[in-house]
Amino acid sequence: QTGCLLAGSTHAQRAAMSLGGGAYFEERNAKEGVPYDAASLPDMSAVFGPSKAEKEAQAEEEKKKEEPLPKVPPLPMTVDAAYEFLGIAPPDRGSLEKLKMRFRKMSLKWHPDKNQDQIELATETFKQIQSAYAVLSDKHERAWYDDHREAILRGAGGGSAGGGDEDDDGGFDLWAYFSSSAYSGFGDDERGFYAAYSRVFEAVDKAERDSGAKGKPPAPELGRSDAAWSEVRGFYAHWEAFSTGRSMAHVDLYDTREAPNRQVRRAMEKENDKARAAARKKANECVRALAAYVKKRDPRVAENQARIGRERSEAAARAESERRQRQAEHDLARTQERKERAAAWDTEEGAELDRLLEGYSDEEEDKGRRRKGKKGKKGK
Numbered sequence: 007q008t009g010c011l012l013a014g015s016t017h018a019q020r021a022a023m024s025l026g027g028g029a030y031f032e033e034r035n036a037k038e039g040v041p042y043d044a045a046s047l048p049d050m051s052a053v054f055g056p057s058k059a060e061k062e063a064q065a066e067e068e069k070k071k072e073e074p075l076p077k078v079p080p081l082p083m084t085v086d087a088a089y090e091f092l093g094i095a096p097p098d099r100g101s102l103e104k105l106k107m108r109f110r111k112m113s114l115k116w117h118p119d120k121n122q123d124q125i126e127l128a129t130e131t132f133k134q135i136q137s138a139y140a141v142l143s144d145k146h147e148r149a150w151y152d153d154h155r156e157a158i159l160r161g162a163g164g165g166s167a168g169g170g171d172e173d174d175d176g177g178f179d180l181w182a183y184f185s186s187s188a189y190s191g192f193g194d195d196e197r198g199f200y201a202a203y204s205r206v207f208e209a210v211d212k213a214e215r216d217s218g219a220k221g222k223p224p225a226p227e228l229g230r231s232d233a234a235w236s237e238v239r240g241f242y243a244h245w246e247a248f249s250t251g252r253s254m255a256h257v258d259l260y261d262t263r264e265a266p267n268r269q270v271r272r273a274m275e276k277e278n279d280k281a282r283a284a285a286r287k288k289a290n291e292c293v294r295a296l297a298a299y300v301k302k303r304d305p306r307v308a309e310n311q312a313r314i315g316r317e318r319s320e321a322a323a324r325a326e327s328e329r330r331q332r333q334a335e336h337d338l339a340r341t342q343e344r345k346e347r348a349a350a351w352d353t354e355e356g357a358e359l360d361r362l363l364e365g366y367s368d369e370e371e372d373k374g375r376r377r378k379g380k381k382g383k384k385g386k
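Using this note's numbering, the letters of the sequence shown map in sequence onto residues 7 to 386.
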């Protein structure tokens with residue numbers, strides 16, 4: 007019936023049917039005296055095909071199915087792997103604008119809210135995108151990752167890298183925690199950001215106190231997500247200035263008991279002292295770097311920085327408002343003073359003062375002419 011209707015219709019009628027739908031059939035039935043029944047209308051999408059919006063949605067779905075899934079590199083992500091993961095070619099790896107552009111594009115594409123059909127893959131990929139951008143956007147962190155690439159990979163693989171390459175003095179793996187895979191979310195649960203890094207720093211502190219500093223008080227705690235800023239600030243102030251008290255005797259190069267004489271033993275001790283100093287320096291750098299890594303990702307720190315920014319902006323606005331108010335009061339006072347002077351100038355005293363000023367001006371002009379005349383005579 008629909009086919010016959012379309013076959014017997016003009017081009018204008020077909021357009022009206024496609025655009026007007028029910029309105030066209032209602033008008034036609036009214037002319038012919040036939041009752042209008044909306045349920046008896048033909049399915050226009052079946053007649054004319056899907057709309058433009060439906061076609062675009064279908065094309066987007068097909069394109070999404072054809073696109074290969076991203077190759078998610080294992081964490082912790084090295085600098086090279088981060089560049090490759092974000093799809094930045096070697097010639098563009100020095101461009102911060104290119105990095106930001108790729109980060110925004112991939113973040114929008116793989117945000118979990120936009121990928122409910124593959125939520126697990128989207129969540130993991132989005133997490134990796136954040137991690138890659140964090141490494142590449144900070145030149146100091148990028149350089150640090152480059153310098154410690156092997157140690158980080160070794161730590162992620164289960165190797166020990168607590169202070170030296172082989173730490174037998176109560177050491178533990180810190181390098182594995184330079185990664186977003188060390189925690190899951192920023193909640194207060196056991197796998198969350200705060201619990202995961204609390205355990206790490208508590209273990210470091212315990213090793214320090216067990217190594218000989220028995221009377222040393224416990225280090226400040228990382229706390230929970232709702233910790234006061236004074237506690238958070240104290241925690242990072244302590245660990246960013248960390249200095250190990252461990253002996254680092256496990257890195258000794260020589261056994262001084264085997265020295266044949268005192269001179270050789272002193273030479274051995276000197277070399278051992280150098281090795282211990284280097285190990286202590288390496289351990290300090292590692293712990294401080296981990297504290298900086300955690301601080302950069304701590305939402306409480308970001309919230310405090312935003313609060314400080316708001317307070318500074320509000321203080322600047324208040325100062326500007328007070329300055330404008332003082333200026334307005336000053337201008338008002340000067341205007342009032344001028345009005346009062348103008349009013350006083352019309353009195354007899356004002357007139358007398360005018361006469362005195364005029365006389366003073368005449369005397370000054372006479373003196374000026376006389377000085378000028380004397381100067382001219384000297385010139386002659």
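Even glycine gets a Cβ: it sits at the ideal position worked out from N, Cα and C.
On the premise that residue j lies in contact with residue i, defined as a C-beta separation below 8 Å, what is that separation, rounded to the nearest angstrom?
i: D245; j: F207; result: Strictly speaking, residue 245 in this sequence is Trp, with Asp absent from that position. Contact flag correct, Cβ pair sits at about 6 Å.
i: V3; j: R282; result: It is not possible to answer for residue 3, since the shown part of the chain is limited to 7 through 386.
i: A88; j: L127; result: Wrong, their Cβ atoms sit about 19 Å apart, outside the cutoff.
i: Y260; j: A297; result: Rounded, the Cβ-Cβ distance is 34 Å, inconsistent with contact.
i: S249; j: S217; result: No, S249 and S217 are not in contact; Cβ-Cβ is about 13 Å, not under 8 Å.
If you draw a straight line from the alpha carbon of residue i to that of residue j, how long is it in whole angstroms?
i: G198; j: V293; result: 20 Å
i: S204; j: P305; result: 15 Å
i: G119; j: A312; result: Sequence inspection shows Asp at residue 119; the Gly mentioned does not correspond to that position. Their backbone Cα atoms lie some 26 Å apart in a straight line.
i: E196; j: R329; result: 52 Å
i: A323; j: A201; result: 40 Å
i: L228; j: A213; result: 17 Å
i: A247; j: K302; result: 16 Å
i: A349; j: E326; result: 35 Å
i: K104; j: D123; result: 29 Å
i: R318; j: A233; result: 23 Å
i: F91; j: E291; result: 28 Å
i: Y183; j: E320; result: 38 Å
i: A65; j: S57; result: 12 Å
i: K115; j: D144; result: 23 Å
i: S101; j: R215; result: 46 Å
Kindly list the residues whose CB is nearer than 8 Å to the CB of residue i, restricted to its own chain and excluding five residues on each side of it in sequence; keep chain order.
i: T262; result: R271, M274, E275, N278
i: D211; result: P224, A225
i: K133; result: S186
i: E237; result: P226, E227, G229
i: R332; result: none
For the ligand FAD, any of its heavy atoms closer than 7 Å to the Cβ of residue i?
i: R282; result: Questions concerning the ligand FAD fall outside what the structure shown contains, since it holds no ligand whatsoever.
Tell me where the alpha helix (DSSP H) around residue i begins and ends.
i: V141; result: 125-143
i: Y242; result: 235-246
i: M274; result: 268-303
i: M112; result: 102-115
i: K212; result: 199-216
i: A87; result: 85-92
In its own chain, which residues sit with a C-beta less than 6 Å from the C-beta of residue i, not counting the 5 before and 5 after it?
i: G165; result: With a pLDDT of only 41 at G165, under the threshold of 50, the placement of this residue in the model should not be trusted; the figure read from the coordinates follows. Excluding residues within five positions, none has a Cβ falling inside 6 Å.
i: S190; result: R197
i: R99; result: Y89
Taking 8 Å as the threshold (beta carbon to beta carbon), is residue i in contact with chain C?
i: F91; result: Absence of chain C from the displayed structure is noted, only one protein chain being present.
Do three or more CB pairs link the region 275-284 to the region 334-351 at distances below 8 Å?
-> Result no; under three Cβ-Cβ pairs closer than 8 Å.
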